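In my numbering, the protein residues as written are 55 to 521.
Cβ atoms here follow ideal geometry from the backbone N, Cα and C, with glycine treated the same way.
In this text the structure is predicted, and so the values were computed from the model without any measurement.
See below:
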């Protein structure tokens with residue numbers, strides 16, 4: 055009976071309140087309702103708010119907060135939120151009990167934006183879409199600089215990861231070069247004793263000669279005496295010492311054999327070309343007296359030539375002896391010459407900070423001439439597989455090189471690495487990464503910025519905790 059009377063009285067009060075609202079007497083209605091509700095017993099399960107006031111929120115639940123008492127535009131007071139009141143609404147992501155247990159075990163350092171934006175708050179709050187900020191408990195901020203990114207932000211920023219692998223790292227280096235003669239294929243013609251040059255063949259500078267072609271004819275008393283000794287030894291069948299003397303004077307084997315067969319020394323002896331090649335210099339003149347050691351001809355074998363390229367000091371680590379090289383010459387369009395690196399000169403030019411690199415080329419037709427300008431492309435790199443990552447995975451600050459590891463579930467960790475050779479697309483990592491690790495190759499600069507922000511926030515929080 056008493057319950058029925060209570061229900062009827064409640065209806066009467068509510069109806070009267072509605073009448074008063076309609077009659078523009080809203081303050082009186084609210085006062086009446088508040089006085090009535092104060093007399094009712096507390097609802098089952100409702101916990102009384104205790105503790106100091108943390109902040110004030112909008113009475114209608116809008117995402118508007120204040121650190122001190124304030125009013126709405128229509129004059130209503132903001133609702134005070136005390137310490138024991140539950141301010142977490144992420145029931146789907148994290149059960150209330152789990153949050154309460156975590157809060158009881160660890161201290162909340164700050165609250166971070168639920169969408170992963172670089173925005174934090176010292177008190178609970180909501181973002182512009184009404185989502186609660188996520189609490190960061192003591193100990194979570196010290197997780198070795200791990201950056202946590204929400205799935206939505208991952209999709210918006212385009213973060214992409216690949217697997218580090220074993221691969222050969224290489225790139226091509228394009229440098230200018232100059233055609234040069236092979237120093238080992240240059241020969242000189244000089245008499246080894248005094249001699250008169252009787253006649254000189256019709257050979258001038260720039261002409262090509264073959265091995266055995268006569269260059270000039272001469273007469274020498276010492277050579278004539280050695281030839282006479284050889285002829286007499288042939289007649290007496292004694293062991294020949296004259297042949298050895300003639301070889302020491304520089305005569306060709308064919309000339310020595312001719313003297314041995316005829317058993318006489320000719321009035322004029324022909325001096326034959328010791329090698330095939332191009333005459334670089336002619337000093338012999340008919341009728342001259344050539345002294346011992348005097349230069350008469352200089353001949354170069356051009357079947358093989360060198361290309362000496364200037365390589366920058368920063369690129370020398372990629373040059374290996376035996377590396378393949380491709381050479382083109384502007385005066386021979388369409389023709390490509392293949393060679394190999396034979397030497398890296400052990401000297402850096404102070405003026406240009408470059409080193410000379412020598413490439414050997416075959417030149418059977420003599421098309422490549424000395425002092426021609428050439429474009430050299432050297433295939434540099436490490437042929438054996440090494441641990442490598444894409445070039446875009448490395449953040450180089452100048453003082454350190456950093457790679458972000460993808461730990462899964464939106465978690466990324468920066469790590470210092472030691473680099474080896476840098477190729478066209480891949481970079482060798484000698485320390486810090488192993489084959490199979492997932493590394494970030496796109497949007498890693500955004501992760502680096504957020505990692506630096508987290509580090510600054512952690513340092514600031516640690517400073518605030520100190521007395």
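Looking at residue 353: is its Cβ nearer than 9 Å to the Cβ of residue 263? Reading the chain shown from its first residue, position 299 is the one you call residue 353. Reading the chain shown from its first residue, position 209 is the one you call residue 263. Yes, they are a contact pair.
Please list the terminal residues of the continuous beta strand (DSSP E) segment that includes residue 296. Residue 296 sits at position 242 when you count from the first residue of the chain shown. That residue, residue 296, is in no beta strand (DSSP E); its alpha helix (DSSP H) goes 296 to 302.
Residue 167 to residue 379, Cα distance in whole Å? The residue you call residue 167 lines up with position 113 of the chain shown. The residue you call residue 379 lines up with position 325 of the chain shown. Roughly 56 Å between the two C-alpha positions.
Is the number of C-beta pairs between the segment 434 to 453 and the segment 409 to 423 that are closer than 8 Å three or more? no
Would you say residue 338 and residue 350 are within 9 Å of each other, going by their C-beta atoms? Along the chain shown, read from residue 1 onward, the residue named residue 338 stands at position 284. Along the chain shown, read from residue 1 onward, the residue named residue 350 stands at position 296. In this structure, residue 350 lies closer than 9 Å to residue 338 by Cβ.
Relative to the alpha-carbon of residue 471, which residue among 190, 455 and 477 has its alpha-carbon at the smallest distance? By one-based count along the chain shown, residue 471 stands at place 417. Closest option to residue 471, Cα to Cα, is 455.
Residue 490 versus 496, 211, 478 and 461, residue with shortest Cα-Cα distance: As a working mapping, residue 490 is identified with position 436 in the chain shown. Measuring from the Cα of residue 490, the nearest candidate turns out to be 461.
In whole angstroms, give me the CA-to-CA distance for residue 68 and residue 114. Sequence index remark: in the chain shown, residue 68 carries index 14 (1-based). Sequence index remark: in the chain shown, residue 114 carries index 60 (1-based). Only weak support exists for where residue 68 lies, its pLDDT of 39 falling under 50; the value from the coordinates is given anyway. C-alpha separation (whole angstroms): 21 Å.
State whether the segment 363 to 373 contacts the segment 322 to 335, with contact taken as three or more CB pairs (one from each stretch) at a distance under 8 Å. no
Sufficient close CB pairs (3 or more, under 8 Å) joining the segment 384 to 392 to the segment 316 to 324: no
So, at 8 Å on beta carbons, what are the nonlocal neighbours of residue 480 in its own chain, with the 5 sequence-adjacent residues on each side left out? Here the question's residue 480 lines up with position 426 in the chain shown. Taken in chain order, the residues that qualify are 221, 223, 442, 443, 444 and 445.
Identify whether residue 348 lies in helix, strand or coil by the three-state DSSP scheme. One-based indexing of the chain shown puts residue 348 at position 294. The answer is coil: DSSP assigns residue 348 none of H, G, I, E or B.
For residue 392, the residue or residues it bridges with in DSSP: The residue labelled residue 392 in the question sits at position 338 within the chain shown. Its beta-bridge partners are 380.
With 16 as the cutoff for other CB atoms within 10 Å, does residue 503 come out buried or exposed? Residue 503 sits at position 449 when you count from the first residue of the chain shown. Flag for residue 503 reads exposed.
Could you pull out every residue in the same chain whose Cβ sits closer than 7 Å to the Cβ of residue 133, ignoring the five residues on either side in sequence? Taking the first residue of the chain shown as position 1, residue 133 is located at position 79. So the list reads 110, 111 and 113, once near-sequence residues are dropped.
Own chain, CB closer than 6 Å to residue 423, minus 5 neighbours either side, in chain order: Translated into positions along the chain shown, residue 423 becomes position 369. Cβ neighbours of residue 423 beyond the five flanking positions: none.
Residue 224, enclosing beta strand (DSSP E) - first and last residue: Along the chain shown, one-based indexing puts residue 224 at 170. Where residue 224 is concerned, the enclosing beta strand (DSSP E) stretches over 219 to 235.
8 Å contact criterion, which residue 245 and residue 344 should meet: CB distance rounded: Here the question's residue 245 lines up with position 191 in the chain shown. Here the question's residue 344 lines up with position 290 in the chain shown. About 5 Å; that satisfies the 8 Å criterion.
Once you ignore the five residues that flank residue 228 on each side, which residues in its own chain have a CB closer than 6 Å to its CB? Your numbering for residue 228 matches position 174 in the chain shown. Hits under 6 Å: 431.
Taking the CB atoms as reference points, tell me whether residue 249 and residue 226 lie closer together than 9 Å. Against the chain shown, residue 249 aligns to sequence position 195. Against the chain shown, residue 226 aligns to sequence position 172. No. Outside cutoff.
Cβ-based burial, residue 434 [other Cβ within 10 Å; buried from 16]: Along the chain shown, one-based indexing puts residue 434 at 380. Under this definition residue 434 is a buried residue.
Have a look at residue 251 and residue 269 and give me their C-alpha separation to the nearest angstrom. Counted from its first residue, the chain shown places residue 251 at position 197. Counted from its first residue, the chain shown places residue 269 at position 215. Rounded to whole angstroms, residue 251 to residue 269 spans 11 Å at the Cα level.
Output needed for residue 118: all residues of its chain with C-beta closer than 6 Å, excluding positions within five of it in sequence on either side, in chain order. Looking up residue 118 in the chain shown gives position 64. Around residue 118: 112.
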